[in-house]
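For reference, the structure discussed in these notes is given below.
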Amino acid sequence: MRGRQIFFSSFSTATGCLCTLGLLSTDAEAPVSAAAHSPGIEPESHSLTSFSNNAWSTAGREREDGGTRSLFSDDSLHDASHLQDGTLVSPLGDTRHSRPGVNVLEEDRVRAGLVPLLPPAASPKSSKDGRRRLFAAVSTAFLGFALYLGLMTLRYKQVPPDSQPAGSEQTRPKQRQQDTETVTAEQLLQSVDELKNLQPLAAELAKMVGTHESRSALQELCSSLTRSQDIAQMIQVGPAVSSGSPLTAVKTAIQDSVSALSRLYEAARERGLSLTQEVQKERPPVFSEEEMQLLEDSLGTGFREFVDFREQSMKYSTPIFVQKVEKAAAELKGLRSLDCTDDLHLLVSVAKNLEIVKVAHDAMQIESEWSGEISDNAAAVLRMQYQRKQASTHLELEGQLGELHILCTLERERRQFELKEDVSVLKTLELLEEQLKRGELQLQKHENLMNRAKHAGNILSALKAEKQAVAVAESLKALLEAAASSRRSIPGVASEEEAAQSEAMQRHRTLVAYRTKQRAASHAKRAISRLKAIEMQISGDFASPSEQELKGKARPPLARHMSIKLAELVADKLKEVEDVNADLRKPVNTEEDTEEGNSSSAARTKEILRASQAAASAAVAFLHEAELMWLDARLKKSLEFDVQLSVALARKATAAVSIARGEEAQQQHDHIEMSAADIQEFEELLAQFNSGHEKAQSANGLNELASAAAGIKQVASKLTTFVEELQKQPAKR
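Numbered according to mature numbering (1 follows the signal peptide of the UniProt record, and there is no 0), the sequence shown spans residues -19 to -1, 1 to 714.
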């Protein structure tokens, strides 16, 4: 019974019930609140500089004294100066006073097992919110569950190894062969207490597994524990009994509890092995070389440098994740079955290994989702550039084709009033009309290719459609030039200046100007929408609901500063568009019927058309700059999540070597030994991490931030590996 004697005695029944009810009262597929956001660096300022210049500005997290500070420079990750006599004392329990914005897991939440784990995959309706909730849950689960399992592991330091090849025969402890009639009431009550103390772990494990089987097993465990506790209370307050109905009922309830835990245990093993297969899948690069070349030509060399930094970072971290997962999976396969109360410590082993697999799986899932978003966003910006260029060409060609139709119609009307019709002129006009009909078909083909490029599934498909659209547009231009030349070759044809004074031509040009003005307004509206999206991101769109509630209307200085800059930018650009649009609001005087009035009206119509085209050009430039800023903001946000993932890994590592702190660990006399060399290495790694994090906060450009993010991920991985090796060392008792 030695394994049971060292079992948990500190987790109360209330804790277990709270944890279990917290799980069962909500659907396991419901999204987890983002209130437990892991800390990260603040979003950065933006400029209108192109990617190729690599001068996208950024700012660090501001302190009250005006400087910047690393996330781990004060409260979050301390140095190792608190290490005494080779024992690491955790600073985490004393960080409840940490500054706002830093997510510190409260000790009572951790011990109660009320730390939120992973939500389901984000729905298409709100993939960005899902990703934010997913990362918040991952980073919180990293630290909270590591602390929880660490405390359990300390309890089981002296339990013999659990692993062996699956299916082999083992010698079970003699207690397993005890006749049920010889078990005393005291032993049964002790078993009830042991199972009761396992309830928080079982609830967390069921939440990690997240399947119907795990939830069903947890519900069965809760029911059987409630039954066994009720009977145990009757035994404690009643007369002494050594056998009979109460003891039999308790034995049955205990057996049911063990059976439920066994189901949960097997579900956890199965889930871990399933996730391992997903982790081991090969992941293709975000962009092919051909796609990358197209993006570099459009967005600049800075974009390629960013992608290269990110790919190198993933090439470094992915093998580490895979190695850890494969090792954990091997241990999961080697664990024996859970058959009785003497096997309950196996639940800790399966939970630890499942956590390793799930943490790696979800970290890689986050990286994969961000890779997908980067690909989608970059492709969207490129497609929109193609779309705007071809839309401008289409509108121009449509206007020219319409003018030629009007000129042809006016010329035919003029010839009807001649006494003798010129057959050659009429034949030329017929040929001209045939050319214009072919032009209409080509214009429609050009529009279809524009739509195909707009809805293309990837960059290469969009480029193919765009090239075809360009070819059709060039062919249509040549046709219109030939048609215009044919019209001018007609003897005695009316001049374009004379035709411009006609009511039909003025109506046509006014309509073209109106459409061009609408296009300019649409571009300006889209540009403002992009800039507002950036402002929302800067002003706390990614903050947790609790942080937003605490802040209220107040926003951090950087957010206010960026909001002002964006507001000024929007105002300046809108003024440019408004200046060239001002004349469009002046009505054309169509009541003048004199020759001078017609000439003035024609000039006025021409000026309106010119002004609308200028407004459209200004709006296109505005939108192009806004989209580059928006893309830059999304790329930086992906790096910030990468940095926060490194933060979570580093905090998890420091928490793992800090779990020896507290009364329970001291009572068990279990300590993680650290030599002077270990302490020095630990300090150096923390210093490297803090230095890298400060560089990320003060980065002056996108690629500088990407480089810093890659650096701190490597340090976080080294810190994690160091701690894992430390944990393998025998503990002093």
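No residue lacks a Cβ here, since even glycine has one placed at the ideal position from N, Cα and C.
Fill in: Per-residue burial, Asn432 [other beta carbons within 10 Å of its own, 16 or more giving buried]
Within the sequence shown, residue 432 is the residue found at index 451, counting from 1. Asn432 sits exposed, since fewer than 16 C-beta atoms from the chains shown fall within 10 Å of its C-beta.
Worksheet item: Rounded C-beta distance between Asp623 and Leu683? I'm assuming under 8 Å.
Response: Counted from its first residue, the sequence shown places residue 623 at position 642. Counted from its first residue, the sequence shown places residue 683 at position 702. No, Asp623 and Leu683 are not in contact; Cβ-Cβ is about 13 Å, not under 8 Å.
Discussion item. Taking DSSP's pairing of strands, which residues face Glu201 in a bridge?
Written reply: Looking up residue 201 in the sequence shown gives position 220. Partner(s): none; Glu201 has no beta bridge.
Item to complete: Could you work out which residue in Met345, Glu185, Asp174 is closest to Leu256 when comparing CA atoms only?
Response: Here the question's residue 256 lines up with position 275 in the sequence shown. When only C-alpha atoms are compared, the closest one is Met345.
Worksheet item: Would a C-beta distance cut-off of 9 Å place Leu176 and Leu202 closer than the cut-off?
Response: Within the sequence shown, residue 176 is the residue found at index 195, counting from 1. Within the sequence shown, residue 202 is the residue found at index 221, counting from 1. The answer is yes: Cβ separation under 9 Å.
Practice prompt. Grab me the residues of Lys699's own chain with a C-beta within less than 7 Å of its C-beta, minus the 5 sequence neighbours each way, in chain order.
Written response: The residue you call residue 699 lines up with position 718 of the sequence shown. Hits under 7 Å: Leu666.
Practice prompt. Indicate the three-state DSSP secondary structure (helix, strand or coil) for Glu292 in the structure shown.
Written response: Position 311 of the sequence shown, counted from the first residue, corresponds to residue 292. Three-state DSSP puts Glu292 in a helix.
Fill in: Of the listed residues Thr299, Ala668, Leu609, nearest to Arg507 (C-alpha basis)
Here residue 507 is taken as the residue at index 526 of the sequence shown, counted from 1. Ranking Thr299, Ala668, Leu609 by Cα distance to Arg507 puts Leu609 first.
Practice prompt. Look up Glu705 in the DSSP assignment and say whether it is helix, strand or coil.
Written response: Residue numbering aside, residue 705 sits at position 724 when the sequence shown is read from its first letter. Residue state, collapsed to three classes: helix.
Worksheet item: What is the DSSP secondary structure of Thr165, counted as helix, strand or coil?
Response: Translated into the one-based positions of the sequence shown, residue 165 becomes position 184. The answer is coil: DSSP assigns Thr165 none of H, G, I, E or B.
Discussion item. For chain D, check one thing: does any of its Cβ atoms lie closer than 9 Å to the Cβ of Lys506?
Written reply: Structure shown: chain D not included; a single protein chain is present.
Worksheet item: What three-state label does DSSP hand Thr192 in the structure shown?
Response: Stepping through the sequence shown from its first residue, residue 192 is reached at position 211. When DSSP states are grouped into helix, strand and coil, Thr192 belongs to the coil group.
Practice prompt. Kindly list the residues whose CB is nearer than 6 Å to the CB of Asp237, restricted to its own chain and excluding five residues on each side of it in sequence; keep chain order.
Written response: Locating residue 237 in the sequence shown gives position 256, where the first residue counts as 1. Cβ neighbours of Asp237 beyond the five flanking positions: Ser205.
Discussion item. Quick check on DSSP: helix, strand or coil for Glu263?
Written reply: As a first step, residue 263 must be located in the sequence shown, where it is residue number 282. Coil, per DSSP.
Practice prompt. Note the first and the last residue of the continuous alpha helix (DSSP H) segment covering His342.
Written response: Counted from its first residue, the sequence shown places residue 342 at position 361. Secondary structure note for His342: its alpha helix (DSSP H) is the uninterrupted segment 327 to 397.
Discussion item. If I follow the unbroken alpha helix (DSSP H) through Thr409, where does it start and stop?
Written reply: Indexing the sequence shown from 1 puts residue 409 at position 428. Looking at the DSSP string, the run of the alpha helix (DSSP H) that includes Thr409 is 404 to 435.
Worksheet item: Hey, how far is the Cα of Gly353 from the Cα of Ser269?
Response: Taking the first residue of the sequence shown as position 1, residue 353 is located at position 372. Taking the first residue of the sequence shown as position 1, residue 269 is located at position 288. Rounded to the nearest angstrom, the two C-alpha atoms are 13 Å apart.
Worksheet item: Nearest CA to the CA of Arg500: which residue from Glu399, Ala599, Ser688?
Response: Numbered from 1 along the sequence shown, position 519 holds the residue referred to as residue 500. The residue from Glu399, Ala599, Ser688 with its alpha-carbon nearest to that of Arg500 is Ala599.
Worksheet entry | Environment of Arg264 [buried if 16+ CB atoms lie within 10 Å] | Here residue 264 refers to the residue found at position 283 of the sequence shown. Counting Cβ neighbours within 10 Å, Arg264 comes out exposed, since fewer than 16 surround it.
Worksheet item: Can you check whether the CB of His193 is closer than 9 Å to the CB of Arg369?
Response: For this step, residue 369 is matched to residue 388 along the sequence shown. For this step, residue 193 is matched to residue 212 along the sequence shown. The answer is no: Cβ separation not under 9 Å.
Item to complete: Report buried or exposed for Gln274, applying the criterion of at least 16 other Cβ atoms within 10 angstroms of its Cβ.
Response: For the purposes of this step, residue 274 is identified with residue 293 of the sequence shown, where counting begins at 1. With fewer than 16 Cβ atoms within 10 Å of its Cβ, Gln274 is classed as exposed.
Worksheet entry | Beta-carbon spacing of Val190, Gln261 below 9 Å | Residue mapping note: residue 190 aligns to position 209 of the sequence shown, counting from 1. Residue mapping note: residue 261 aligns to position 280 of the sequence shown, counting from 1. Going by beta carbons, Val190 and Gln261 fall outside the 9 Å limit.
Worksheet item: So, is Glu185 buried or exposed, given that buried needs 16 or more other C-beta atoms within 10 angstroms?
Response: The residue given as residue 185 occupies position 204 in the sequence shown. Taking every protein chain shown into account, the CB of Glu185 has 16 or more other CB atoms within 10 angstroms, so this residue is buried.
Worksheet item: In chain order, what residues of the same chain lie with their CB nearer than 8 Å to the CB of Ile387, ignoring the 5 residues before and after it?
Response: The residue labelled residue 387 in the question sits at position 406 within the sequence shown. Within the same chain, Cβ atoms closer than 8 Å to the Cβ of Ile387 are found at Ala480, Ser483, Ala485, Met486, His489, the five residues on either side in sequence being excluded.
Worksheet item: Using DSSP with H/G/I as helix, E/B as strand and the rest coil, what is Lys676?
Response: For this step, residue 676 is matched to residue 695 along the sequence shown. The answer is helix: DSSP assigns Lys676 an H, G or I state.
Practice prompt. Alpha carbon to alpha carbon, how far is Gly438 from Ala502? Give it in angstroms, no decimals.
Written response: As a working mapping, residue 502 is identified with position 521 in the sequence shown. As a working mapping, residue 438 is identified with position 457 in the sequence shown. In a straight line, the C-alpha of Ala502 is about 28 Å away from that of Gly438.
Discussion item. Would Glu685 and Lys694 be called neighbours here (beta carbons separated by less than 9 Å)?
Written reply: The residue labelled residue 685 in the question sits at position 704 within the sequence shown. The residue labelled residue 694 in the question sits at position 713 within the sequence shown. For Glu685 and Lys694, no; Cβs fall outside 9 Å.
Practice prompt. Give me the Cβ distance between Gln423 and Ser456, rounded to the nearest whole Å; I'm assuming they're in contact under 8 Å.
Written response: Translated into positions along the sequence shown, residue 423 becomes position 442. Translated into positions along the sequence shown, residue 456 becomes position 475. Contact between Gln423 and Ser456 holds: their C-beta atoms lie close to 6 Å from each other, under 8 Å.
Worksheet item: Over what stretch of residues does the alpha helix (DSSP H) that includes Asp278 continue unbroken?
Response: For the purposes of this step, residue 278 is taken as residue 297 along the sequence shown, with counting starting at 1. Looking at the DSSP string, the run of the alpha helix (DSSP H) that includes Asp278 is 270 to 280.
Worksheet item: How many whole angstroms separate the CB atoms of Ala309 and Val338, which I take to be in contact at a CB cut-off of 8 Å?
Response: Working through the sequence shown from its first residue, we reach residue 309 at position 328. Working through the sequence shown from its first residue, we reach residue 338 at position 357. Correct: roughly 5 Å between the Cβ atoms.
Fill in: Own chain partners of Thr701 with C-beta closer than 6 Å, once the 5 adjacent residues on each side are dropped
Taking the sequence shown and counting its residues from 1, one reaches residue 701 at position 720. Taken in chain order, the residues that qualify are Leu630, Ala634.
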